[in-house]
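Below is one structure; the comments refer to it alone.
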Amino acid sequence: MAANSHDHGRLPAAFLRPGSSSFMDFLTEHAPERLPNNRGLPPVEGPLEAVHGTTIVAASFAGGVVLAGDRRATMGNVIATKDMEKVFPADEFSAVGIAGTAGIAVELVKLFQLELEHFEKVEGEVLSLEGKANRLAAMIRGNLGMAMQGLAVVPLFAGYDLDRDRGRIFSYDVAGGRTEEQGFASVGSGSVFARGSLKKLHRADLTEEQIVTVVVQALYDAADDDSATGGPDLVRRIYPIVMVITEDGIRRLTQEEISEVARAVHEGRLQLPNGPQAPIV
Amino acid sequence: MSTPFYVSPQQAMADRAEYARKGIARGRSLVVLQYADGIVFVAENPSRALHKVSEIYDRIAFAATGKYNEYESLRIGGTRYADLRGYTYDRQDVTARGLANLYAQTLGTIFSATVEKPYEVELLVAEVGATPAEDEIYRLPHDGSIIDEHGSVAVGGNSDQIGSYLSQRHRDDMDLGEALRLAVASLARESGGGERELSNDQLEVAVLDRKRPQQRKFKRVLNRQLTALLAEPGGGSAEGEPSESADEAAEGSEE
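Protein sequence lines correspond, in order, to chains A and B.
All residue numbers for the first sequence refer to the working numbering, where the first residue is 12 and numbers rise by one.
All residue numbers for the second sequence refer to the working numbering, where the first residue is 403 and numbers rise by one.
Following this line, the structure appears as structure tokens:
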């Protein structure tokens, strides 16, 4: 633990050396064993049993973008957690949601948040949204070795681009391939069902309140058909996590706000189990 | 081969201290004041890009006078230390005291090592607490000593005079506008006893605001808000979030 042993001495030379504004670069140089990607894994046969997070959805609207995730985490066919958080603010104007192996995902998010904050503090200005999206791609690419062993992490990144004055959504594959999505996107095991739902409900001119309902509907549809995705748990009052990002910054919907939307969606399903119907033509 | 002259350790240290002090005295002063909702940093700094006051971590900020390249490397070192420590343990395990100790060790080692020239810097590390009583301000002169300060502190060229001016007038329960006006008045005092005019674009102002809802309490006070706070009449009562309330108060007073 190189850093600990110096806590009572002077700053080690590596700390004072001029260099990159990236925390990851600093860690690579100074304490590479702390990087989540740098762990050697023994060869394993078959899939590794670890907790998995599932469906994340994102959709843009006129004033920005929303990112939301269900709360279920599974291990095999067991529900490991009913109230897991898989959507996190990355900084003041962006958020990241993660599907895949929970342990690694949470650590990657922590490092990603730190990477953005560190850059901001050292440079005195924030990274561009494009720059943030690329940084995340590099981190996912670094995890490819573990992804090959079954510990894959697939994020969905959304943020408000202050230079272009609009919300943007980026999706990734396990190899770090980055795609900008138009309008809406989803990742995780329930994502195919969520995407079908978003496709039918999403419109570019929706308001913030409407778009929040759209993403909750999409998560409801994902939970309907995917056993690894949890629907709103009205009994335990566990609702999806929804982040709204506008030019004013990021805001997580409060428990009251989201419970209202989730209950309204649920009420609707009591009448129409398949949810709102889109016109045929 | 010539024999080196004998220089007593006292003399060597005194020379090094004088060298560092002269370097620091060339820089403009900087003041830090506690106010009701946090800690305010005011520096005379005509540069928009090269900062004297910066964020280190959630509740911790750094301010420095002296040689820019030297305190900049200490600032970045401190940020790296704080981020690594928070990443290794938890965000609440990063403290101003730990950081100040580290800086003290670093400056002290450099000061006593004869191969390196002493750093011509004076640092301040401050952490805002949940209440004014829990605020911490540490002053670190060039030689690595560490001084626990309360209320108001001045560092840099004219710091003795500014410091005594501040200590006579400062109260812990001042609002941000009052504290800021006092800080600017103190910086405007010449060493000869006269006063200079300090315009807003010569000032760098930042706060650690304990009322800020975000986890990160550091915030720069920029143009419009700074003008509003400085223009406010004495005894005004701007409270709470400085950005909104202060702007409103100033707009009201213009009518």
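Where a beta carbon is used, it is the ideal one built from N, C-alpha and C, also for glycine.
Since this is a predicted model, take the numbers as computed values, not measurements.
Does H453(B) have its Cβ less than 8 Å from a Cβ in chain A? The residue labelled residue 453(B) in the question sits at position 51 within the second sequence. Answer yes: the Cβ-Cβ gap between H453(B) and chain A drops below 8 Å somewhere.
Could you list which residues in chain A have their beta carbon closer than 8 Å to that of E529(B), in chain order? As a working note, residue 529(B) is residue 127 in the second sequence. Neighbours of E529(B) across chain A, judged by C-beta separation under 8 Å, do not exist; the nearest C-beta is about 15 Å away.
Taking only the alpha-carbon atoms, compute the straight-line gap between V226(A) and H41(A) and give it to the nearest angstrom. Position 215 of the first sequence, counted from the start, is the residue given in the question as residue 226(A). Position 30 of the first sequence, counted from the start, is the residue given in the question as residue 41(A). Cα to Cα, V226(A) sits roughly 42 Å from H41(A).
Of the residues G75(A), S31(A), G153(A), which one's Cα is nearest the Cα of I222(A)? Counting from one through the first sequence, the residue named residue 222(A) turns up at place 211. Comparing C-alpha distances from I222(A) to each of G75(A), S31(A), G153(A) shows the shortest one belongs to G75(A).
I need the boundaries of the beta strand (DSSP E) containing V165(A), first residue and last residue. By one-based count along the first sequence, residue 165(A) stands at place 154. Per DSSP, V165(A) belongs to the beta strand (DSSP E) from 164–172.
What is the residue span of the alpha helix (DSSP H) that F123(A) lies within? For this step, residue 123(A) is matched to residue 112 along the first sequence. F123(A) -> alpha helix (DSSP H) spans 113–134.
For P644(B) and chain A, any beta-carbon pair shorter than 8 Å? Counting from one through the second sequence, the residue named residue 644(B) turns up at place 242. With a pLDDT of 46 at P644(B), under the threshold of 50, the modelled position of that residue is not reliable, and the figure given next carries that caveat. Answer no: the Cβ-Cβ gap between P644(B) and chain A never drops below 8 Å.
How big is the Cα-Cα spacing for R28(A) and E474(B)? Here residue 28(A) refers to the residue found at position 17 when the first sequence is read from its first residue. Here residue 474(B) refers to the residue found at position 72 when the second sequence is read from its first residue. Between R28(A) and E474(B), the C-alpha separation is close to 11 Å.
By DSSP's criteria, I441(B) is part of a beta bridge. Which residues make up the other side? Locating residue 441(B) in the second sequence gives position 39, where the first residue counts as 1. Q436(B), L610(B).
Name the residue from A234(A), P43(A), P284(A) whose alpha carbon lies nearest to the alpha carbon of V4(A). Beyond the ends of chain A as shown, which are 12 and 292, falls residue 4(A); an answer cannot be given.
To which residues of the same chain is R487(B) closer than 7 Å at the C-beta, ignoring the five residues directly before and after it? By 1-based counting over the second sequence, the position of residue 487(B) is 85. Same-chain partners within the cutoff: D495, V496.
Residue from V164(A), Y250(A), G178(A) with nearest C-alpha to H63(A): In the first sequence, residue 63(A) corresponds to position 52, counting from 1. For H63(A), the nearest C-alpha among the options comes from V164(A).
Could one say the Cβ of E457(B) lies closer than 8 Å to chain A's Cβ atoms, at least one of them? The residue given as residue 457(B) occupies position 55 in the second sequence. With 8 Å as the cut-off, E457(B) counts as an interface residue toward chain A.
Between P251(A), D172(A), A113(A), which lies nearest to D232(A) when the distance is taken from Cα to Cα? Reading the first sequence from its first residue, position 221 is the one you call residue 232(A). It is P251(A) whose Cα lies nearest to the Cα of D232(A).
Comparing the C-beta of L127(A) with each C-beta of chain B, is any distance below 8 Å? By 1-based counting over the first sequence, the position of residue 127(A) is 116. No, L127(A) does not count as interfacial toward chain B.
Taking only the alpha-carbon atoms, compute the straight-line gap between I180(A) and G241(A) and give it to the nearest angstrom. Along the first sequence, read from residue 1 onward, the residue named residue 180(A) stands at position 169. Along the first sequence, read from residue 1 onward, the residue named residue 241(A) stands at position 230. Between I180(A) and G241(A), the C-alpha separation is close to 23 Å.
Secondary structure of F26(A), DSSP reduced to three states: Along the first sequence, read from residue 1 onward, the residue named residue 26(A) stands at position 15. Here F26(A) sits in helix by DSSP.
Return helix, strand or coil for R573(B), following the three-state DSSP convention. Position 171 of the second sequence holds residue 573(B). Residue state, collapsed to three classes: coil.
Going along chain B in order, which residues have a C-beta closer than 8 Å to the C-beta of G135(A)? Counting from 1 along the first sequence, the entry for residue 135(A) is found at position 124. Going along chain B in sequence order, the residues near G135(A) (Cβ under 8 Å) are A451, H453, S456.
Determine contact between the region 116–131 of chain A and the region 263–276 of chain A, defined as no fewer than three beta-carbon pairs at a distance below 8 Å. no
Going straight from the alpha carbon of R626(B) to that of L568(B), what length do you get? Your numbering for residue 626(B) matches position 224 in the second sequence. Your numbering for residue 568(B) matches position 166 in the second sequence. Taking the straight line joining both Cα atoms gives about 25 Å.
Going along the chain, which residues of the region 24–47 of chain A sit with their C-beta nearer than 9 Å to a C-beta in chain B? A25, F26, L27, R28, P29, G30, S32, F34, F37, L38, H41, A42, R45
At what residues does the alpha helix (DSSP H) containing K621(B) begin and finish? Reading the second sequence from its first residue, position 219 is the one you call residue 621(B). K621(B) -> not in any alpha helix (DSSP H); beta strand (DSSP E) instead, spanning 620–623.
Could you tell me if S202(A) is buried or exposed, where buried requires 16 or more neighbouring beta carbons within 10 angstroms of its beta carbon? By 1-based counting over the first sequence, the position of residue 202(A) is 191. The residue in question, S202(A), is buried, as its Cβ has 16 or more Cβ neighbours within 10 Å.
So with CB distances below 9 Å, who are the chain B contacts of G20(A)? Counting from 1 along the first sequence, the entry for residue 20(A) is found at position 9. The answer, in chain order, is L504, Q507, T508, T511.
Do L526(B) and L476(B) have their beta-carbon atoms positioned less than 8 Å apart in this structure? The residue you call residue 476(B) lines up with position 74 of the second sequence. The residue you call residue 526(B) lines up with position 124 of the second sequence. Contact: no.
By the three-class DSSP mapping on this structure, what secondary structure does I291(A) have? As a position in the first sequence, residue 291(A) is number 280, starting the count at 1. Here I291(A) sits in coil by DSSP.
Just to make sure I have the definition right: I need the residues of chain A whose C-beta is within less than 7 Å of the C-beta of I478(B). Which are they? In the second sequence, counting from the first residue as 1, residue 478(B) sits at position 76. Here the neighbours are V133.
Amino acids of chain A, ordered along the chain, whose beta-carbon sits closer than 7 Å to that of Y540(B): One-based indexing of the second sequence puts residue 540(B) at position 138. Per Cβ cutoff of 7 Å: no residues; Y540(B) is ~15 Å from chain A at best.
Whole-angstrom C-beta distance between N48(A) and N145(A), which should lie under 8 Å: Residue 145(A) sits at position 134 when you count from the first residue of the first sequence. Residue 48(A) sits at position 37 when you count from the first residue of the first sequence. Actually they are not in contact, since the Cβ atoms of N145(A) and N48(A) sit about 16 Å apart, beyond 8 Å.
Buried or exposed by the 16-neighbour rule on C-beta atoms within 10 Å, applied to L283(A): For the purposes of this step, residue 283(A) is identified with residue 272 of the first sequence, where counting begins at 1. Its Cβ having fewer than 16 others within 10 Å, L283(A) is exposed.
Output, in chain order, the set of chain A residues within a Cβ distance shorter than 8 Å of R418(B). By one-based count along the second sequence, residue 418(B) stands at place 16. Correct list: empty, because the minimum Cβ distance to chain A is about 17 Å.
Considering only DSSP beta bridges, list what V301(A) is partnered with. Here chain A covers residues 12 to 292 and nothing more, so residue 301(A) does not appear.
Output, in sequence order along the chain, the residues in the region 601–619 of chain B whose CB is closer than 7 Å to any CB in chain A. From the region 601–619 of chain B, no residue has a Cβ closer than 7 Å to chain A.
Kindly indicate the opening and closing residues of the beta strand (DSSP E) around V496(B). In the second sequence, residue 496(B) corresponds to position 94, counting from 1. That residue, V496(B), is in no beta strand (DSSP E); it is neither H nor E in DSSP.
So which residues on chain A does Y483(B) lean against when the C-beta distance must stay under 7 Å? For the purposes of this step, residue 483(B) is taken as the residue at position 81 of the second sequence. Near Y483(B) (Cβ distances below 7 Å), the residues of chain A are L22, F26.
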